[in-house]
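Asker: With my numbering applied, the sequence shown covers 16 to 673. The structure follows.
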Amino acid sequence: MTAKTTGGKAAARTVRDVLHETALKAPQSSGVYLWRNAEGTVIYVGKAKSLKNRLSSYFSGQQSVKTRLLISHANSIEYITTANEYEALLLENNLIKKYNPRYNICLKDGKSYPVLRITKEDFPKIYKTRRILQDGSTYFGPFPDVAALDTFLDAIFKLYPIRHCRTLRKRDTPCLYYHMKQCQAPCCNKISKDSYNLYIGEIKKLLEGKGEERVKDLQAEMKAAAAALDFEKAARLRDGIKALMVLQNQNIVESFDSDDRDYIAYHSEGELVSFTVLKIRQGKLLGRENYRAESLNDNDDLIAEFMAVFYDDIHTIPPQVYIPQTSEFEHISRWLHEEKKSTSQVIMVASRDLPRDVAAIQMAKQNAKEDIVRRLRDRGDTPAMEELKEKLGLDTLPVRIEGFDIAHIGGKWPVASLISFYNGNPDKKNYRYFRLRTTDGLIDDFASMKEAVSRRYTRLLNEQAELPDLLLIDGGIGQVNAVEEILNSLGLDIPVAGLAKRDEEIYRPGNSTPICLPKRSDALRLLQRVRDETHRFATSRNQRLRTKENTKSIFLELPGVGEKRALQLQRQFLTLENLAVAEESAVAQCLHVRADEAADILLKARDLDAQRKEKKDLQRLSLGQAGTTKEKAAEAGYIADLASAALAAAENPPDYGE
16 MTAKTTGGKA AARTVRDVLH ETALKAPQSS GVYLWRNAEG TVIYVGKAKS LKNRLSSYFS
76 GQQSVKTRLL ISHANSIEYI TTANEYEALL LENNLIKKYN PRYNICLKDG KSYPVLRITK
136 EDFPKIYKTR RILQDGSTYF GPFPDVAALD TFLDAIFKLY PIRHCRTLRK RDTPCLYYHM
196 KQCQAPCCNK ISKDSYNLYI GEIKKLLEGK GEERVKDLQA EMKAAAAALD FEKAARLRDG
256 IKALMVLQNQ NIVESFDSDD RDYIAYHSEG ELVSFTVLKI RQGKLLGREN YRAESLNDND
316 DLIAEFMAVF YDDIHTIPPQ VYIPQTSEFE HISRWLHEEK KSTSQVIMVA SRDLPRDVAA
376 IQMAKQNAKE DIVRRLRDRG DTPAMEELKE KLGLDTLPVR IEGFDIAHIG GKWPVASLIS
436 FYNGNPDKKN YRYFRLRTTD GLIDDFASMK EAVSRRYTRL LNEQAELPDL LLIDGGIGQV
496 NAVEEILNSL GLDIPVAGLA KRDEEIYRPG NSTPICLPKR SDALRLLQRV RDETHRFATS
556 RNQRLRTKEN TKSIFLELPG VGEKRALQLQ RQFLTLENLA VAEESAVAQC LHVRADEAAD
616 ILLKARDLDA QRKEKKDLQR LSLGQAGTTK EKAAEAGYIA DLASAALAAA ENPPDYGE
C-alpha cells in the first residue's frame, strides 16, 4: 500500500490519514513492517507481535518526538506477515542489514544472534557461539532469545552427562563434573565413543524438533519429581522444557543452507489471484514480492501459468524453486528443463516434507491471502455485487447486504447473529446479536429466525433507518420462506436469498429450484463470505454465553447464598436436583442458618429445578415439531402468531438491547 499526495501542509495531513488507514487495515498476525519515504527509500524497519496493533499505536495517544519525525518523513507502509515473533525478529534483522534504514540501528555483525555448535570430534562439545566455521561442525539456530538459549543449555548439561571443557585432554583423574554426575569423563576413558554419541544424537533430535518422545519423558520426570517433593528438580525440568519449546519454533527466515531458492504460493478469490514469492538468498529471507493478476484458470493451473511469465529470463531462476501441490508438476519441470534449458530443480512441497519448507510455503500463502484481502477492500468488490444483481434478478445493486444465522447447543443459549457487508466488505459497526427469548430451550431454527428478523426490522421501521439491499439467510427454502413471510407482514420489500451449505445452492422465496453458480463465481464468493461471517459471529457469541453460564454456579441464584455458601451446598448436595429433594434440616445444618432461611432456600431451589425440567420437556417436544428440516417446514403454517406480534411491536417497540 502506498500513499502519495502533493502540495504543502494539506498534503502532509492527507498522507498521514492514508498511513493511518493502512495501519488500521493491517492484519493481527506477527510480521515486519517497512516505512518508505516519497522516493520509495526504506527509512525504518520494525517488527510486531500484532501488525495492526503496532502500526495503529503510531497514530494514537501522546506521540514521542521520534514518532512524529518518522511519520513526517513517511509516504507509505508495507508489511510482511510471519508465522511467529521469532521469524519476525530474524527477518527484521535481515532487512535492516539489506536497506540500512535511516531510523534504525544498523547491525554490522552478520551473525548478530548466537547459534549452538556441536563440534565434529569423537566426543563432541556443545556450546553457544556467534562464529560459524566451515569445519564440519553442526550448527543450530540462530536464536534471538538468548535467555531461553542459556536456560536450554543449562538444562542440557544437567540432563545429559556430556563434557563441559572446551578442549578435551587426556587426564588421569576426572574433574569435578564427573563426581557431580554431570559428565562421564571421556577424558579418562570412562565412556565409549558410541555411548557418548547416543547422548549427542538425542540432543540433535531435540534441536531438530524430533524430540517429542524425549519431551514427554522430561514432562513425566518433572511430575515424578514434584510428586516426590523434589521441587528444585521439577522447576529445573520445567524451565528446560519451556526453553526447548521456545527453541523449537520453526524458522524459515534464516538457515545455514547457503543455496538460493524461491518459494511460490498463491491465493485466489473469483478471478483475482495474488502470487507471493519468498526469495531466499545466501540462506536468508531478504523479503517477499507480491504479484497481482486476474485469471479464470483452475487453481491447479495457476502456478504453471505464473512461472511461465515470472521466469522469462533464465538468469532469474534460482537453483531450487518450491511450489505447492499441483497436478501440473511434471509439465512444469519439463518446461523448465526443455524450454528454458535450466538445470534448476522444482520441488513440490507436501505436508510430510521438511518443516522449514512447509512453513515457508504457508508463509507465502498467508501473504498472498492478505494481498487479496487488500485488493477486495480497495476495489469494493463491485464485480461480485453486479453479478449478484443479475443472477438474483434484483432491482438495485446489493451495496448493503445483511446476513442472519442461528447458533445454539441443543436449544440452549440460542443466539441470532446479524452482520452487515457494505460495498462487498464487512461493516462491523453495524453487527448485532440477539439473545433469543421465544425459543430458549427449544430446537426450532425457523422460529428463531423469525424472532430475530422481526426484532431487527421492526426497530429499523420504527427508527426510519436505512434498509438493506439484500437479506441473506444461512439455510434453504424453508428458512427463506419463513423470513419472507415476516417481511411481508411488516410491509417490507427486502430481497431475500438463502445459501444452503451442502451444495452451495442459492434459494429465493417461493421457488424450490435453486440457483447454482460456478465455484469461481464472484457472486457466490461474496455470499459465502457473508454466510461464513454470520456463522463465526453467532458461534463466538454462543460460546461466550456457554462459558459464562457454565462457570457460574446455579446455587448463587438462591436467596442469601454467596460464593462461600454456594460452595458448601455444592460439596454437600452436588446438584440442584439433590438439593430440591433435601430436608430443611439438612440445609440448615449445612449452612448453619435458621429454619426459616433454610426454607426460603429450599423453596427457591425447587422452583429453579421445576423451571429446568419444564425447559427440558419443551426441548424434547420441539424435536418433533416443524422448524429443523425443510420437509417439516413445508407442513408448518409459518405465520400468523409471530408476524402479528411483530406488527404490534412496531406500534410500541420494546427495548431489546441489540
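The beta-carbon is built from N, C-alpha and C at its ideal position, and this holds for glycine as well.
Output needed for T341: all residues of its chain with C-beta closer than 6 Å, excluding positions within five of it in sequence on either side, in chain order.
Answerer: The residues are D315 and I318.
Asker: G577 by DSSP, collapsed to three states: which one?
Answerer: Here G577 sits in coil by DSSP.
Asker: Relative to the C-alpha of T96, which residue among M363, L49 and A581 is closest?
Answerer: The candidate whose alpha carbon is nearest that of T96 is L49.
Asker: Report the residue from A240, S45, V364 and V130 whose alpha carbon sits nearest the alpha carbon of N99.
Answerer: Selected option, being the one with the closest Cα: S45.
Asker: I'd like to confirm the pairing. Which residues does DSSP put opposite P398 in its beta bridges?
Answerer: BP columns for P398 are empty, so no partner.
Asker: So which of V161, L618, I177 and K294 has the shortest CA-CA distance to K143?
Answerer: Checking every option, the nearest Cα to that of K143 belongs to V161.
Asker: Grouping DSSP H, G and I as helix and E and B as strand, with all else coil, what is A553?
Answerer: Helix.
Asker: Looking at L502: is its Cβ nearer than 7 Å to the Cβ of I509?
Answerer: It is a contact, given that the beta carbons lie within the stated cut-off.
Asker: Return the bridge partner residues of E287 from the DSSP annotation.
Answerer: Here the sequence assigns Leu to residue 287, which means Glu is not the residue at that position. Beta-bridge pairing links L287 to E284 and E309.
Asker: Sort A601, I218 and E578 by Cα distance to F588 and report the nearest one.
Answerer: Nearest of A601, I218 and E578 to F588, Cα basis: A601.
Asker: Just reading off the alpha helix (DSSP H) that I501 is part of, what are its end residues?
Answerer: I501 -> alpha helix (DSSP H) spans I492 to S504.
Asker: Is the segment 547–555 touching the segment 433–447, taking contact as three or more C-beta pairs under 8 Å?
Answerer: Output reads yes: the segment 433–447 touches the segment 547–555.
Asker: Classify E629 as helix, strand or coil using the three-state DSSP reduction.
Answerer: Residue state, collapsed to three classes: helix.
Asker: Exposed or buried, P533, counting other C-beta atoms within 10 Å across all chains shown (16 or more means buried)?
Answerer: With fewer than 16 other Cβ atoms within 10 Å, it is exposed.
Asker: State the DSSP-derived secondary structure class of S469, mapped to helix, strand or coil.
Answerer: Residue state, collapsed to three classes: helix.
Asker: Around the C-beta of A375, are 16 or more other C-beta atoms found within 10 angstroms, so that it is buried, or is it exposed?
Answerer: It is buried - the Cβ of A375 has at least 16 other Cβ atoms within 10 Å.
Asker: How about the segment 371–388 and the segment 279–290: do they share at least three Cβ pairs that are nearer than 8 Å?
Answerer: Yes: at least three Cβ pairs fall under 8 Å.
Asker: To the nearest angstrom, how far is the alpha carbon of G672 from that of M464?
Answerer: Residue placement at G672 cannot be trusted, given a pLDDT of 39 that sits under 50; the coordinates are not used to answer.
Asker: Report buried or exposed for Q11, applying the criterion of at least 16 other Cβ atoms within 10 angstroms of its Cβ.
Answerer: Any property of residue 11 remains undetermined from this structure, which presents the chain solely from 16 to 673.
Asker: Below 8 Å, can you find three or more Cβ-Cβ pairs linking the segment 604–613 to the segment 575–589?
Answerer: Because the criterion of three Cβ pairs below 8 Å is met, the segment 604–613 and the segment 575–589 touch.
Asker: How would you label G125, buried or exposed, when you count the other beta carbons within 10 angstroms and need 16 or more for buried?
Answerer: Note that G125 has pLDDT 40, beneath the 50 cutoff, so the model's placement of it is unreliable and the number below is only indicative. Classification for G125: exposed.
Asker: Would you identify the three-state DSSP class for I318, choosing helix, strand or coil?
Answerer: Three-state DSSP puts I318 in a helix.
Asker: Could you give the first and the last residue of the continuous alpha helix (DSSP H) run that contains L594?
Answerer: Where L594 is concerned, the enclosing alpha helix (DSSP H) stretches over L591 to A595.
Asker: How far does the beta strand (DSSP E) with I347 in it reach, from first residue to last?
Answerer: Here I347 belongs to no beta strand (DSSP E); instead the alpha helix (DSSP H) covers F344 to R349.
Asker: Please report the distance separating the alpha-carbon of A620 from that of F449.
Answerer: C-alpha separation (whole angstroms): 29 Å.
Asker: When you compare each of Q479, S527, A597 and V468 to E499 by their alpha carbons, which one comes out closest?
Answerer: Ranking Q479, S527, A597 and V468 by Cα distance to E499 puts V468 first.
Asker: Tell me, please, whether the CB atom of Y114 is closer than 7 Å to any CB atom in chain B?
Answerer: In the displayed structure, chain B is absent; only one protein chain is listed.
Asker: Taking a contact to mean a Cβ-Cβ separation below 7 Å, would you say I329 touches K294 in this structure?
Answerer: No; because the gap between Cβ atoms is not below 7 Å, this pair is not in contact.
Asker: Which same chain residues end up closer than 8 Å to R51 when comparing Cβ atoms and leaving out the 5 residues on each side of it in sequence?
Answerer: For R51, where only same-chain residues beyond five positions count, the Cβ hits under 8 Å are T17, V57, I58, A89, N90, S91, I92 and E93.
Asker: Based on the DSSP secondary-structure assignment, which residues constitute the bridge partners of A431?
Answerer: For A431, which the question treats as bridged, DSSP gives the partners I421 and F449.
Asker: Looking at the unbroken beta strand (DSSP E) that takes in R51, where does it start and where does it end?
Answerer: Segment G46 to R51, the beta strand (DSSP E) holding R51.
Asker: May I have a chain-ordered list of the alpha helix (DSSP H) segments no shorter than 4 residues that lie completely inside the segment 76–152?
Answerer: Complete alpha helix (DSSP H) runs here, min 4: 80–88 and 100–114.
Asker: In whole angstroms, what is the alpha-carbon distance linking G525 and L476?
Answerer: Near 25 Å, if we compare the C-alpha coordinates of L476 and G525.
Asker: Quick one: what does DSSP say F436 is sitting in, helix, strand or coil?
Answerer: Here F436 sits in strand by DSSP.
Asker: From L485, L594 and Y337, pick the residue whose C-alpha is nearest to that of E401; which is it?
Answerer: The residue with the shortest Cα to Cα distance from E401 is L485.
Asker: Could you tell me which residues DSSP pairs with G513 in its beta bridges?
Answerer: Partner(s): I488 and Y522.
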